[in-house]
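Chemist:
Residue numbers (our numbering), protein chains in the order written: chain A, 1 to 83; chain B, 84 to 459.
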């Protein structure tokens with residue numbers, strides 16, 4: 001086959017290929033987004049069932065010593081740097 | 084005396100041709116890369132050993148009746164092995180990061196430009212005397228840009244079995260080289276400020292969403308791209324076994340025993356294709372060069388797409404994430420994390436990069452399906 005014809009086919013394939021990959025994955029984006037709206041989240045019922053336990057927990061987390069948080073985050077960072 | 088001569092005629096030394104020796108050296112090089120350099124050792128060790136076995140004179144490993152012949156025909160000729168590996172990869176993949184931020188699928192799509200640009204490049208190589216790639220050959224070579232071993236082997240076994248050895252070796256070698264290939268491209272295409280962008284924490288994803296995801300991907304594939312269903316179907320089966328939570332034993336088998344067993348034989352079968360006649364040609368050099376182009380272009384197009392998304396979102400997307408769109412799970416995501424940390428020590432992009440990373444796996448499977456439908 002003539003090379004210019006092959007090149008034309010390859011160019012055509014590039015165009016069709018990229019468009020179809022984008023369309024297909026774009027469709028998946030829409031599907032996943034709509035599923036996220038339709039399906040209730042796992043955490044929600046837990047949170048609504050125990051509003052009383054969550055509030056103190058949130059307060060407690062505010063009272064954690066900022067030095068402790070700093071120490072933990074540097075430890076985590078060091079661990080991740082080593083890996 | 085006659086007996087001695089017969090014995091001498093039966094030795095390896097008597098029958099060696101220089102090409103076989105060169106191929107054994109290639110096999111030894113792969114073993115060196117696997118054992119000393121730790122380049123994808125799970126694959127390159129059996130591939131390298133397979134290459135040595137396949138080039139033993141008079142042993143007939145790759146002739147009908149030889150063990151490598153059967154392993155190849157049963158496993159790769161039938162496409163069973165790459166599909167079993169894909170099932171295992173599905174069982175190992177957590178789509179949580181992608182479901183939490185589905186727009187990352189666009190990065191997985193953009194990075195596939197590496198595949199299609201390479202296809203064009205492979206055909207353009209025909210302008211140089213000595214290269215005669217058909218459209219099928221070019222497609223099989225281009226899929227190296229998908230940075231996904233089983234997908235590359237699957238497509239090559241269907242479109243260009245003669246080139247399979249070189250394609251698989253190129254795919255796995257470049258996957259091992261991702262930490263060297265990607266960072267310079269990523270740094271060249273982004274500014275320091277862009278690399279320092281911190282991403283919002285991902286929302287938690289419900290179990291129901293994770294279970295529905297593989298089913299919906301399969302359904303979309305059935306409707307629009309049936310040619311990709313062998314790859315995507317096995318992948319989704321593995322992922323459903325993982326996420327459903329009711330067949331932990333099967334999921335465990337797919338992730339461990341099955342994928343490990345298959346990997347041994349997949350490597351040997353690929354190695355059996357590294358025969359002197361098929362590998363020692365100028366086309367192999369072309370394939371190695373095109374593979375590097377494929378990886379680089381894929382990384383670049385992913386980063387450019389991520390830059391566009393970053394602008395559109397008002398600077399909420401770190402453009403480095405685009406580089407993870409070339410699959411090569413999880414190496415590419417780790418590279419993104421590392422380059423991100425260089426610009427901003429507080430910026431942990433690993434979880435965010437897993438989204439485009441697994442999107443890249445889907446993207447390359449889809450691209451393989453498209454190529455199969457159009458040129459297969």
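Quick reminder that beta carbons are idealized off the backbone N, C-alpha and C, glycines included.
Quick one: Cα of residue 110 of chain B to Cα of residue 134 of chain B, how far?
Modeler: For residue 110 of chain B and residue 134 of chain B, the distance between alpha carbons rounds to 5 Å.
Chemist: Relative to the C-alpha of residue 314 of chain B, which residue among B:415, B:165, B:385 and B:349 is closest?
Modeler: Nearest C-alpha to residue 314 of chain B: B:165.
Chemist: Please tell me whether residue 289 of chain B and residue 40 of chain A are closer than 8 Å, where the distance is taken between their beta carbons.
Modeler: Yes, Cβ-Cβ distance for residue 289 of chain B and residue 40 of chain A is below 8 Å.
Chemist: Check this for me: beta carbons of residue 248 of chain B and residue 365 of chain B, under 8 Å apart or not?
Modeler: Result no, Cβ atoms of residue 248 of chain B and residue 365 of chain B do not sit closer than 8 Å.
Chemist: Helix or strand or just coil, what does DSSP make of residue 461 of chain B?
Modeler: Residue 461 of chain B falls outside the range modelled here, since chain B spans only 84 to 459, and no answer is possible.
Chemist: Are any of the Cβ atoms in chain A nearer than 8 Å to that of residue 370 of chain B?
Modeler: Chain A, which has no Cβ nearer than 8 Å to the Cβ of residue 370 of chain B, makes this no.
Chemist: Whose C-beta lies closer than 8 Å to the C-beta of residue 242 of chain B among residues of the same chain, with five residues either side of it excluded?
Modeler: The answer, listed in chain order, is 219, 220, 222, 223, 454, 455, 458 and 459.
Chemist: Pairing CB atoms from the stretch 193-203 of chain B with CB atoms from the stretch 333-352 of chain B, are three or more of them under 8 Å?
Modeler: Touching, no.
Chemist: Could you list which residues in chain B have their beta carbon closer than 7 Å to that of residue 68 of chain A, in chain order?
Modeler: Result: empty, since nearest Cβ-Cβ is about 18 Å, beyond 7 Å.
Chemist: List, in order along the chain, the chain B residues whose C-beta lies closer than 9 Å to that of residue 3 of chain A?
Modeler: Per Cβ cutoff of 9 Å: 206, 207, 209 and 210.
Chemist: Between residue 77 of chain A and chain B, is the shortest Cβ-Cβ distance under 8 Å, so that the two count as touching?
Modeler: Closer than 8 Å: yes.
Chemist: Enumerate in chain order the residues of its own chain whose CB-to-CB distance from residue 410 of chain B is below 6 Å, with the five nearest sequence positions on each side excluded.
Modeler: Excluding residues within five positions, the ones whose Cβ falls inside 6 Å are 230, 231, 443, 444 and 447.
Chemist: Quick one: which residues of the stretch 165-191 of chain B get their C-beta closer than 7 Å to a C-beta of chain A? List them in chain order.
Modeler: Taking 7 Å as the Cβ-Cβ cut-off against chain A, the residues of the stretch 165-191 of chain B that qualify are 182, 185, 186, 188, 189 and 191.
Chemist: Report the three-state DSSP secondary structure of residue 278 of chain B (helix, strand or coil).
Modeler: Correct three-state label for residue 278 of chain B: helix.
Chemist: Return the chain-ordered list of same chain residues with a C-beta closer than 6 Å to the C-beta of residue 277 of chain B, the five sequence neighbours on each side being excluded.
Modeler: Within the same chain, residue 277 of chain B has close Cβ partners 402.
Chemist: Please find out if some non-hydrogen atom of the ligand SAH comes closer than 7 Å to the beta-carbon of residue 29 of chain A.
Modeler: In the structure on display, the ligand SAH does not appear, and there are no ligands present to speak of.
Chemist: Could you say which of B:139, B:389, B:140 and B:428 lies nearest to residue 187 of chain B if we only look at CA atoms?
Modeler: Residue B:389 is the option with its Cα nearest to residue 187 of chain B.
Chemist: Tell me where the alpha helix (DSSP H) around residue 201 of chain B begins and ends.
Modeler: Residue 201 of chain B -> alpha helix (DSSP H) spans 196-207.
Chemist: Could you round the C-beta distance between residue 143 of chain B and residue 149 of chain B to whole angstroms and report it? I think they count as a contact, below 8 Å.
Modeler: About 5 Å separates the two Cβ atoms, so the contact holds.
Chemist: Whole-angstrom Cβ separation of residue 102 of chain B and residue 359 of chain B, contact assumed at under 8 Å?
Modeler: Contact flag correct, Cβ pair sits at about 4 Å.
Chemist: Would you mind listing the alpha helix (DSSP H) stretches within the stretch 227-279 of chain B that are 4+ residues and don't spill past its ends, in chain order?
Modeler: Counting only runs of 4 or more, we get 232-242, 247-259, 261-272 and 275-278.
Chemist: Can you find the residues in the same chain that come closer than 6 Å, C-beta to C-beta, to residue 50 of chain A, ignoring five residues on each side of it along the sequence?
Modeler: Per-residue confidence for residue 50 of chain A stands at a pLDDT of 46, beneath the threshold of 50, marking its modelled position as unreliable; the derived number appears in the next sentence. Same-chain partners within the cutoff: there are none.
Chemist: Distance, Cα to Cα, residue 252 of chain B vs residue 127 of chain B?
Modeler: Approximately 8 Å, taken between the alpha carbons.
Chemist: Just to confirm, are residue 266 of chain B and residue 414 of chain B a CB contact at a threshold of 8 Å?
Modeler: Going by C-beta atoms, residue 266 of chain B is not nearer than 8 Å to residue 414 of chain B.
Chemist: Against residue 453 of chain B, what residues of chain A qualify as contacts under a CB-to-CB distance less than 8 Å, listed in chain order?
Modeler: The contacting residues are 16, 17, 20 and 21.
Chemist: Residue 419 of chain B and residue 436 of chain B: beta carbons closer than 8 Å?
Modeler: Against a cut-off of 8 Å, the Cβ pair of residue 436 of chain B and residue 419 of chain B comes out as a contact.
Chemist: Hey, how far is the Cα of residue 177 of chain B from the Cα of residue 136 of chain B?
Modeler: Taking the straight line from one Cα to the other gives about 37 Å.
Chemist: Give a yes or no on whether the minimum CB-CB distance between residue 36 of chain A and chain B is below 8 Å.
Modeler: True, the Cβ-Cβ gap to chain B drops below 8 Å.
Chemist: In its own chain, which residues sit with a C-beta less than 6 Å from the C-beta of residue 16 of chain A, not counting the 5 before and 5 after it?
Modeler: None.
Chemist: Does residue 196 of chain B have its Cβ less than 8 Å from a Cβ in chain A?
Modeler: At least one chain A Cβ lies under 8 Å of residue 196 of chain B.
Chemist: Count the other CB atoms, across all protein chains shown, that sit within 10 Å of the CB of residue 386 of chain B; report buried if there are 16 or more and exposed otherwise.
Modeler: Per the 10 Å Cβ criterion, buried.
Chemist: For the alpha helix (DSSP H) that contains residue 22 of chain A, what are its first and last residues?
Modeler: 3-38 is the extent of the alpha helix (DSSP H) around residue 22 of chain A.
Chemist: Apart from the five residues just before and just after residue 293 of chain B, which ones in its own chain have a Cβ nearer than 6 Å to its Cβ?
Modeler: Same-chain partners within the cutoff: 326.
Chemist: Taking 8 Å as the limit between beta carbons, can you name the residues of its chain near residue 316 of chain B, skipping five residues before and five after?
Modeler: So the qualifying residues of the chain are 301 and 304.
Chemist: Given that residue 289 of chain B touches chain A, what residues does it touch there, using C-beta distances under 8 Å?
Modeler: Those are 39, 40, 41, 42 and 43, listed as they occur along chain A.
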